[in-house]
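Heads up, the thing below is written out as structure tokens.
Residue numbers (our numbering): 892 to 1042.
Put into structure tokens, the structure is as follows:
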């Protein structure tokens, strides 16, 4: 049924702060920045009066992060967001240099949950961090693809 992953949507409270993070720190490029209102978006979101600001950002491999802020339906941040909580828990990104990525995130005030560590099979080195609104990110450097998948 699935042909590809289209994008990952992240509902945000502070669009400017999140755009700075995803564009200037993480290095994604804005592909499109637009507002959606009307019957279509109300229907697909099962809400009334949606006033949705969307910014789609692309990575070099073509993957997309979609930042969303509905001005008409603000919501409080979720409670907790621990790694063991149910539901979608993190987004994983492959990087060329995990140590450099760790330093960039740390130096830009992001919460990093550990220093980079080797996966038990030695094929990847990774760490977890949080974006400005607390979403969990897994940052992975693949060290070897022989014989298995990355972390």
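Every residue, glycine too, gets a C-beta built ideally from N, C-alpha and C.
{"query": "Residue burial classification, residue 1008 (beta-carbon count within 10 angstroms, cutoff 16)", "result": "exposed"}
{"query": "Contacting residues, own chain, Cβ-Cβ under 6 Å from residue 992 (five flanking each side not counted)", "result": "986, 1030"}
{"query": "Segment contact flag, the region 932–945 with the region 956–969, C-beta cutoff 8 Å, min 3 pairs", "result": "yes"}
{"query": "Alpha-carbon to alpha-carbon, residue 1006 and residue 1013", "result": "16 Å"}
{"query": "Sequence-distant residues of the same chain with beta carbon closer than 6 Å to residue 907, five excluded per side", "result": "none"}
{"query": "Beta-carbon separation (whole angstroms), residue 984 vs residue 1004, contact threshold 8 Å", "result": "About 15 Å separates the two Cβ atoms, so there is no contact after all."}
{"query": "Outcome for residue 895 when other beta-carbon atoms lying within 10 angstroms are tallied against a minimum of 16", "result": "exposed"}
{"query": "Enclosing beta strand (DSSP E) for residue 928 [first to last residue]", "result": "920–928"}
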